[in-house]
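K.L.:
Count the sequence shown with mature numbering (1 follows the signal peptide of the UniProt record, and there is no 0) and you get residues -20 to -1, 1 to 309, in order. Cβ atoms here follow ideal geometry from the backbone N, Cα and C, with glycine treated the same way. Sharing a structure, written as structure tokens. Questions coming.
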Amino acid sequence: MFRRGLAAALAAGVLVSMLAACGGGQDSSANQSGGGSDQLTLGFSQVGAESGWRTANTKSVQEAAKEAGIDLKFSDAQQKQENQIKAIRSFIQQKVDAIAFSPVVESGWDTVLKEVKDAGIPVILTDRAVDSTDTSLYKTFIGSDFVVEGTKAGEWLVKEYEGKPDPVNIVELQGTTGSAPANDRKKGFGDVVAADPKFKIIASQTGDFTRAKGKEVMEAFLKANKDIDVLFAHNDDMGLGAIEAIEGAGLRPGTDIKIITIDGVKDGMQALADGKISFIAECSPLLGPQLMDLVKKAVKGEQIPTRVLTEETTFTQEQAKAALPGRKY
Ligand code: AHR
């Protein structure tokens, strides 16, 4: 029994290495339930490991696959679209039952998605959308409304500065260029603050959703601009990097510069509870269980909704303090 298990594990290891060699990203596969031949196989191409949110999302998908008895073939694209396209083609060759992926950027997917459709494999978009006009290329899209998240961030700011003197100088740390959350959060926030001329976005640049880039770009913002009132960061990690830059410049985050972020991961919530971040619009990474449900239904050819929206809230300092003890990620 053990020897058979060992042989299977070694064979799986060889297959994983072969896939990693041709896939470009980092792949792993696990027959996690030990089920029979009718076990579903899901190819999942993840964006990368750029943020605390992403780590929590990967964990949620892996745990939910195990729980649902689905064999998950996981590929980490390391924030590169070309790696995701290679992984998807590799999933087609392996004849998986379904493919799910979180597209690193919005555009450039039609060709590979047509290949998946021709192979008769259902596709589920998770977390991020594509801009394909042909919506028959995927069955559904599960994830947040990023425009609404940006809108909530903007609305908090407008309320916070009600009756206070102008101007209010804002700097913005954008997510990965061309990604759905960067495009949509920028739009949601920008549309709200544009309604009042006292709000001025004086600098806006990508920090690629990482802490290191958030720090680096905030340092540059601080050097170039003497009078920054507010930072809007498209995720917690960039906000946390920016906090280091602000403190390094001898300023007090949350007091000298108000910080608004999106996500609500533990480190972000702690910074909010400590008063360094002022407001967080939540983006939930816990998409795994719903994704597995949709996969099962899509493979059976059952009707599924074309859009599954994630429920989310917002956090002030007091709400973060209350939520932190039970926060799972
Ligand atoms: O697509 C979701 C975004 O990607 C999260 O807000 C961010 O933290 C992540 O990297």
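Which of helix, strand or coil does DSSP assign to residue 40?
P.N.:
The answer is helix: DSSP assigns residue 40 an H, G or I state.
K.L.:
Given residue 112, which residues of its chain have a CB within under 7 Å of its CB, disregarding the five upstream and five downstream residues?
P.N.:
Around residue 112: 89, 90 and 93.
K.L.:
Please determine whether the Cβ atom of residue 34 lies at a distance below 6 Å from any heavy atom of the ligand AHR.
P.N.:
True, at least one ligand heavy atom lies under 6 Å from that Cβ.
K.L.:
May I have a chain-ordered list of the alpha helix (DSSP H) segments no shorter than 4 residues that lie completely inside the region 91 to 147?
P.N.:
Within the region 91 to 147, the complete alpha helix (DSSP H) runs of at least 4 residues are 126 to 140.
K.L.:
List the endpoints of the continuous beta strand (DSSP E) containing residue 78.
P.N.:
Taken as a continuous stretch (DSSP letters only), the beta strand (DSSP E) holding residue 78 covers 78 to 81.
K.L.:
In the structure shown, what three-state DSSP assignment does residue 232 receive?
P.N.:
Three-state DSSP puts residue 232 in coil, outside helix and strand.
K.L.:
Can you give the Cα-Cα distance for residue 70 and residue 215, rounded to whole angstroms?
P.N.:
Using only the alpha carbons, I get a separation of about 31 Å.
K.L.:
What's the C-alpha gap between residue 181 and residue 233?
P.N.:
Between residue 181 and residue 233, the C-alpha separation is close to 18 Å.
K.L.:
Tell me, please, which residues DSSP counts as bridged to residue 222.
P.N.:
Per DSSP, none; premise fails for residue 222.
K.L.:
If residue 310 and residue 134 are in contact, beta carbons under 8 Å, what's the gap, nearest whole angstrom?
P.N.:
As displayed, the chain neither begins before -20 nor continues past 309, which places residue 310 out of reach and without an answer.
K.L.:
Bridge partners for residue 338 per DSSP, in chain order?
P.N.:
No statement about residue 338 is possible, as the shown extent of the chain runs from -20 to 309 and does not include it.
K.L.:
What does DSSP give as the partner residues of residue 186 in its beta bridges?
P.N.:
Partner(s): 154.
K.L.:
Using alpha carbons as the reference points, say which of 119, 257 and 49 lies closest to residue 97.
P.N.:
When each option's Cα is compared against that of residue 97, the closest is 119.
K.L.:
Grab me the residues of residue 151's own chain with a C-beta within less than 8 Å of its C-beta, minus the 5 sequence neighbours each way, in chain order.
P.N.:
For residue 151, where only same-chain residues beyond five positions count, the Cβ hits under 8 Å are 181, 182, 183, 184, 198, 201, 205, 208, 210, 211 and 212.
K.L.:
Residue range of the beta strand (DSSP E) that residue 307 falls in?
P.N.:
Looking at the DSSP string, residue 307 is not in any beta strand (DSSP E), and its letter there is neither H nor E.
K.L.:
With a threshold of 8 Å on Cβ separation, who are the neighbours of residue 109 within its own chain once the five nearest residues in sequence on each side are excluded?
P.N.:
For residue 109, where only same-chain residues beyond five positions count, the Cβ hits under 8 Å are 83, 86, 121, 123 and 160.
K.L.:
Should residue 87 be counted as a contact of the ligand AHR given a C-beta to heavy atom distance under 6 Å?
P.N.:
No, the ligand AHR has no heavy atom inside 6 Å of this Cβ.
K.L.:
Would a C-beta distance cut-off of 7 Å place residue 190 and residue 30 closer than the cut-off?
P.N.:
Yes; because the gap between Cβ atoms is below 7 Å, this pair is in contact.
K.L.:
Between residue 27 and residue 57, which are expected to be in contact by the criterion C-beta below 8 Å, what is the C-beta distance as a whole number of angstroms?
P.N.:
Indeed, because the Cβ distance is near 6 Å, the residues count as touching under 8 Å.
K.L.:
For residue 34, which residues from the same chain have a beta carbon less than 7 Å from its beta carbon, with the 5 sequence-adjacent residues on both sides left out?
P.N.:
The answer, listed in chain order, is 27 and 28.
K.L.:
Closer than 6 Å: is that where the CB of residue 31 sits relative to any heavy atom of the ligand AHR?
P.N.:
At least one heavy atom of the ligand AHR is nearer than 6 Å to the Cβ of residue 31, so yes.
K.L.:
Helix, strand or coil, according to DSSP, for residue 50 in the structure here?
P.N.:
Of the three classes helix, strand and coil, the one that applies to residue 50 here is coil, per DSSP.
K.L.:
Along the chain, where does the alpha helix (DSSP H) that runs through residue 178 open and close?
P.N.:
From DSSP, residue 178 is part of no alpha helix (DSSP H); its letter is neither H nor E.
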